[in-house]
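The working numbering applies: residue 3 is where the sequence shown begins, and numbers increase by one.
Structure first, commentary second.
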Amino acid sequence: MSLLAEYSSQELLQAHVQLWHQSLGFFKSAALAIALDLQIADAIHRLGGAATLPQILSEAGISPCRLRDLRRVMRVLTVSGIFSVQRRQPMSSEDAVVYKLTAASHLLVRDDNKSSTSMSLLPNVHLMLTACRECPWIMHDWSDDECVKILKNCKRAIPPRDAGGKVIIIDMVMEYESSDIKHVETQVLYDLLMMNVNGVERDEQGWKTIFFEAGFNDYKIIPVLGVRSIIELYP
Numbered sequence: 003m004s005l006l007a008e009y010s011s012q013e014l015l016q017a018h019v020q021l022w023h024q025s026l027g028f029f030k031s032a033a034l035a036i037a038l039d040l041q042i043a044d045a046i047h048r049l050g051g052a053a054t055l056p057q058i059l060s061e062a063g064i065s066p067c068r069l070r071d072l073r074r075v076m077r078v079l080t081v082s083g084i085f086s087v088q089r090r091q092p093m094s095s096e097d098a099v100v101y102k103l104t105a106a107s108h109l110l111v112r113d114d115n116k117s118s119t120s121m122s123l124l125p126n127v128h129l130m131l132t133a134c135r136e137c138p139w140i141m142h143d144w145s146d147d148e149c150v151k152i153l154k155n156c157k158r159a160i161p162p163r164d165a166g167g168k169v170i171i172i173d174m175v176m177e178y179e180s181s182d183i184k185h186v187e188t189q190v191l192y193d194l195l196m197m198n199v200n201g202v203e204r205d206e207q208g209w210k211t212i213f214f215e216a217g218f219n220d221y222k223i224i225p226v227l228g229v230r231s232i233i234e235l236y237p
């Protein structure tokens, strides 16, 4: 009896889609890297926040012969929500499709000094690994034992709780049961990234163990920073 006999044809088709989607997922990062290199968000921003493909090509200084290629890249980035698209009539013209900035692509727009204002927010492997190595005070870069040592030093440096003493940590608290799939995927992918610097993202139980071992009596997790949380730690 086939191992797949228990599944319907529709279930197997969906299984194929799932595997293809997973295996091709890295192309989203590749498309984002292309948009960054070509400064597509900057071009759209300079054009008033909305532009057609020919306008983007001209503003970004890209050869018109690359229009077809850029259209395919922008298709990926609009489907994934980095840019939005508005279709006008008649649909036969390249000017019929207008690309607009979203909250995500606004983060890609550079400032007047030609340096990105928000690059630290991007899940770019090379940038993130550099940032992690250069910021040794970030808790997720350290082992549990090292975190305990750091927090013990913090505890000695602050007044008692009734005098307003507390430690504030901004870091991820892994949520495996969240209904927000994008939220969960971002956290687990970031945890995989941390393996490159011998770091780790922790769930609440992991944080709790460290806090109490460091001598703290209470904590509060405030999930208000997207995939990160503010953690208030009390002596």
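Even for Gly, the Cβ is constructed at its ideal location relative to N, Cα and C.
Keep in mind it's a predicted model, so treat the numbers as computed, not measured.
Q) So, is VAL175 buried or exposed, given that buried needs 16 or more other C-beta atoms within 10 angstroms? A) buried
Q: With a threshold of 16 other CB atoms inside 10 Å of the CB of VAL226, please say whether the residue is buried or exposed.
A: exposed
Q.
For a test of the three-state rule: what should DSSP assign to ILE223, helix, strand or coil?
A. strand
Q | Coarse secondary structure for LEU109, derived from DSSP in three states | A | coil
Q) On the premise that THR54 lies in contact with VAL99, defined as a C-beta separation below 8 Å, what is that separation, rounded to the nearest angstrom? A) 6 Å
Q | Coarse secondary structure for LEU123, derived from DSSP in three states | A | With a pLDDT of 47 at LEU123, under the threshold of 50, the predicted position of this residue should be treated as unreliable, and no value is reported.
Q: Could you please give the first and the last residue of the uninterrupted beta strand (DSSP E) stretch that includes ILE64?
A: No beta strand (DSSP E) contains ILE64, which DSSP labels as neither H nor E.
Q: Tell me where the alpha helix (DSSP H) around VAL78 begins and ends.
A: 69-81
Q: Go through its chain and collect everything with a Cβ distance to ARG163's Cβ below 7 Å, but skip five positions before and after it.
A: TYR236, PRO237
**Q.** 4-residue-minimum alpha helix (DSSP H) runs that sit fully inside the region 146-186, ordered along the chain
**A.** 146-159
Q) So, ILE170 versus ILE232, is the Cβ gap smaller than 8 Å? A) yes
Q) Do ILE36 and VAL75 have their C-beta atoms closer together than 8 Å? A) yes
Q) Just checking, does the region 98-113 make contact with the region 38-58 on the three C-beta pairs under 8 Å criterion? A) yes
Q) For ARG90, which residues from the same chain have a beta carbon less than 8 Å from its beta carbon, with the 5 sequence-adjacent residues on both sides left out? A) ASP97, ALA98, VAL99, VAL100
Q) To the nearest whole angstrom, what separates the beta carbons of HIS47 and VAL111, a pair I think is in contact under 8 Å? A) 5 Å
**Q.** Opposing strand residues paired with LEU235 [DSSP bridges]
**A.** VAL169, TYR221
Q | Whole-angstrom distance between LEU72 and SER65, CA atom to CA atom | A | 10 Å
Q: Just tell me which of LYS222, LYS184, LEU38 has its CA closest to the CA of LEU109.
A: LEU38
Q) For the putative contact between LYS154 and ALA216, defined by C-beta atoms under 8 Å, what is the C-beta separation to the nearest angstrom? A) 5 Å
Q. Would VAL190 be called buried (16 or more neighbouring beta carbons within 10 Å of its own) or exposed?
A. exposed
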